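Just so you know, the sequences run in chain order A and B. Start counting the first sequence at 1425; every next residue gets the next number (the working numbering). Start counting the second sequence at 1425; every next residue gets the next number (the working numbering). Even for Gly, the Cβ is constructed at its ideal location relative to N, Cα and C. As the structure is a prediction and not an experimental result, all values here were calculated from the model. Down below is the structure, laid out as structure tokens.
2 protein chains.
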Amino acid sequence: KLKHSLLERLVHYLHVLVERHPDNEREYFSSAHVAALLHMDDTQIRKDLAAVGVRGYPRLGFRTLEAREAIRRTLGFNCRHRAILVGAGHLGGALAAYKGFAGYGIQWVGIFDADSDKHGTRFGRLVVQPLSRLHNVARKREIHLAVIAVPSGAAQDVANQVVTAGINTLWNFAPMSLVVPSRVYVRNEHISVGLGELSYHLKQSADP
Amino acid sequence: KLKHSLLERLVHYLHVLVERHPDNEREYFSSAHVAALLHMDDTQIRKDLAAVGVRGYPRLGFRTLEAREAIRRTLGFNCRHRAILVGAGHLGGALAAYKGFAGYGIQWVGIFDADSDKHGTRFGRLVVQPLSRLHNVARKREIHLAVIAVPSGAAQDVANQVVTAGINTLWNFAPMSLVVPSRVYVRNEHISVGLGELSYHLKQSADP
Ligand SMILES: NC(=O)c1ccc[n+]([C@@H]2O[C@H](COP(=O)([O-])OP(=O)(O)OC[C@H]3O[C@@H](n4cnc5c(N)ncnc54)[C@H](O)[C@@H]3O)[C@@H](O)[C@H]2O)c1
Ligand SMILES: NC(=O)c1ccc[n+]([C@@H]2O[C@H](COP(=O)([O-])OP(=O)(O)OC[C@H]3O[C@@H](n4cnc5c(N)ncnc54)[C@H](O)[C@@H]3O)[C@@H](O)[C@H]2O)c1
């Protein structure tokens, strides 16, 4: 089982390898070049690439496509993850619109909201439904992931409902800690963590 | 200078202390209770609270308001951070609408977009302007933070412009690494990191 820090580094390597720098049109890259871009240690990058089965070619360096494929395979980005979204507000709308998710294997199969004014609204091929319809959707095909983008006050109740419907992986954007059974995996995406770092940094620079 | 991991834990304590659990209406809380909610070690919480100058009262526990204020003060959430947003699309729109930011000291003073169709659109008290107007806004009062919510292909160019305008702290939501002068601080908010973890976890549970 790979460590969280390695997973995070792999995501950053992937960003560098898919960005449209002129160098990325080249078939090979050097770990030193990626290290410089990410302010990282060259040795760490080589270790990480070896950990996903990628080694350099003498005098050429690492093959770009090979490294990208190995990272995507390791992270499971080439799998299909069927996901539902609960909360079609400002944040939910942005997530539903994000074309980037398809590249990570996320396939939206349902969007739910408690506000009847939003029911019937289209987001791509999907139509917003009341959460009472969740069990119908979950019964048809296994849902791997529920994304929670509702206000904090509603998040625990929503979590209870999606877990009851058989969904065992939750991505929570509401700034609170969910209580779930131990088999359920929750990833909290708390924007306040980034804000905390920025705010602390700003305070330090204003008042060292 | 506080470590990143401590800053992150402080943000999570704050979430627990401001969530509307019936316990949070109590004047005091126990570190053991917070530890249980966050699946953490009680000793760590006590150490962290001591680090921000908060200690427990015998037989009572920690004072909720005292702990909240100390954490907010440490993180700089009670300061005013003047921020601009570049990119008034799906994500930018969600960020501009987020009432939560005010509680963290973020005060939007400008919203910019390259799309002339969006110029003049209102977001709260602000109107979307072309990025060419950035220098006017920056000249009037110091801008502490630029939030970048434009497509990857445009992000480096936008970063160059905001740095030239004198902004030294950037919050980057585009999935790529920005190149900036060493005095400039960049916080990357890469949703792909959370996706990477989730995707890896889903793959492990499907195929252990
Ligand atoms: N907007 C942002 O940039 C942002 C950033 C960080 C965190 N968040 C968090 O994301 C969540 C959503 O934020 P937002 O700005 O989109 O809010 P929003 O008010 O625009 O949207 C919330 C949506 O959830 C729906 N909803 C409420 N209760 C529900 C329930 N029980 N079941 C189903 N749907 C329900 C509402 O009808 C609404 O459409 C909040 O918890 C917020 O703290 C938002
Ligand atoms: N939508 C999401 O949930 C989400 C999640 C993670 C990351 N992101 C990232 O956030 C960024 C924005 O995503 P989005 O979904 O809002 O895209 P979007 O296309 O809806 O919005 C992008 C906006 O940026 C503007 N823009 C483009 N070039 C510009 C420039 N040079 N100067 C000023 N404005 C410019 C566009 O006119 C548009 O309004 C992207 O980099 C995306 O990868 C988005």
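- The closest CA to that of residue 1427 of chain B, considering only A:1565, A:1624 and A:1535, is found on A:1624.
- With a cutoff of 8 Å on beta-carbon distance, residue 1607 of chain A and residue 1621 of chain B are scored as not near each other.
- When rounded, the separation of the alpha-carbon atoms in residue 1474 of chain B and residue 1468 of chain B is 10 Å.
- When DSSP states are grouped into helix, strand and coil, residue 1458 of chain A belongs to the helix group.
- Leaving aside the five residues that flank residue 1440 of chain B on each side, the residues in its chain whose CB is nearer than 7 Å to its CB run, in chain order, 1458, 1461 and 1462.
- Two segments are said to touch when three or more pairs of C-beta atoms, one from each, lie closer than 8 Å; by this definition the segment 1473-1488 of chain A does not touch the segment 1508-1525 of chain A.
- Using a CB distance cut-off of 8 Å, residue 1488 of chain B does not count as an interface residue toward chain A.
- Along the length of the segment 1531-1577 of chain A, whole alpha helix (DSSP H) runs at least 4 residues long occupy 1558-1564, reported in chain order.
- The C-beta of residue 1464 of chain B comes no closer than 8 Å to any C-beta of chain A.
- With a cut-off of 7 Å, the C-beta of residue 1514 of chain B is classified as near ligand 2, since at least one heavy atom of the ligand falls inside that distance.
- Where residue 1489 of chain A is concerned, the enclosing alpha helix (DSSP H) starts and stops at 1488-1499.
- Around the beta carbon of residue 1565 of chain A, fewer than 16 other beta carbons lie within 10 angstroms, which makes this residue exposed.
- The criterion of a C-beta distance shorter than 8 Å is not satisfied by residue 1522 of chain B and residue 1501 of chain B.
- Short note on residue 1511 of chain B: C-beta closer than 7 Å to some heavy atom of ligand 2.
- Taking the beta carbon of residue 1459 of chain A as reference, no residue of chain B falls within 8 Å; the closest one sits roughly 12 Å away.
- When C-beta distances to chain A are compared with 8 Å, the residues of the segment 1611-1630 of chain B below that value are 1611, 1613, 1614, 1615, 1616, 1617, 1618, 1619, 1620, 1621, 1622, 1623, 1624, 1625, 1626, 1627, 1628, 1629 and 1630, in chain order.
- Within chain B, 1626 have C-beta atoms less than 7 Å from the C-beta of residue 1568 of chain A, given in sequence order.
- Relative to ligand 1, even the nearest heavy atom lies 7 Å or more away from the CB of residue 1587 of chain B.
- Approximately 20 Å separates the beta-carbon atoms of residue 1569 of chain A and residue 1495 of chain A; this is outside 8 Å, ruling out the contact.
- Only buried fits residue 1592 of chain B, as 16 or more other CB atoms lie within 10 angstroms of its CB.
- For the segment 1495-1506 of chain A, the set of residues with a beta-carbon nearer than 7 Å to any beta-carbon of chain B comprises 1499, 1500, 1501, 1503 and 1505, in chain order.
- In the DSSP assignment, residue 1611 of chain A forms a beta bridge with A:1595.
- Note: residue 1508 of chain B is bridge-paired with B:1534 and B:1570 in the DSSP secondary-structure output.
- For residue 1595 of chain B, the residues of chain A that pass the 9 Å Cβ criterion are 1618, 1619 and 1622, in the order they occur in the chain.
- The Cβ-Cβ distance between residue 1543 of chain B and residue 1552 of chain B falls below 8 Å.
- Neighbours of residue 1493 of chain A across chain B, judged by C-beta separation under 7 Å, do not exist; the nearest C-beta is about 15 Å away.
- With respect to the C-alpha of residue 1451 of chain B, the residue from B:1613, B:1491 and B:1472 having the closest C-alpha is B:1491.
- In the DSSP assignment, residue 1428 of chain B falls within the alpha helix (DSSP H) that extends over 1428-1442.
- Short of 7 Å from the beta carbon of residue 1504 of chain A, and not among the five residues preceding or following it, lie these beta carbons of its own chain, in chain order: 1529 and 1531.
- In this chain, residue 1589 of chain A is not harboured by any alpha helix (DSSP H), its DSSP state being neither H nor E.
- At least 8 Å separates the beta-carbon of residue 1572 of chain A from that of residue 1558 of chain A.
- The beta carbon of residue 1578 of chain A is closer than 6 Å to none in its chain, skipping five residues each way along the sequence.
- Residue environment analysis places residue 1596 of chain B among the buried positions, since at least 16 neighbouring C-beta atoms fall within 10 angstroms of its C-beta.
- For residue 1512 of chain B, same chain residues with a beta-carbon under 6 Å away, outside a window of 5 residues either side, are 1535, 1537, 1542 and 1552 in chain order.
- With the criterion set as a beta carbon lying under 8 Å from some beta carbon of chain B, the members of the segment 1521-1534 of chain A are 1521, 1522, 1524, 1525, 1528, 1529 and 1530, in sequence order.
- Per the DSSP secondary-structure output, residue 1452 of chain A pairs in a beta bridge with A:1487.
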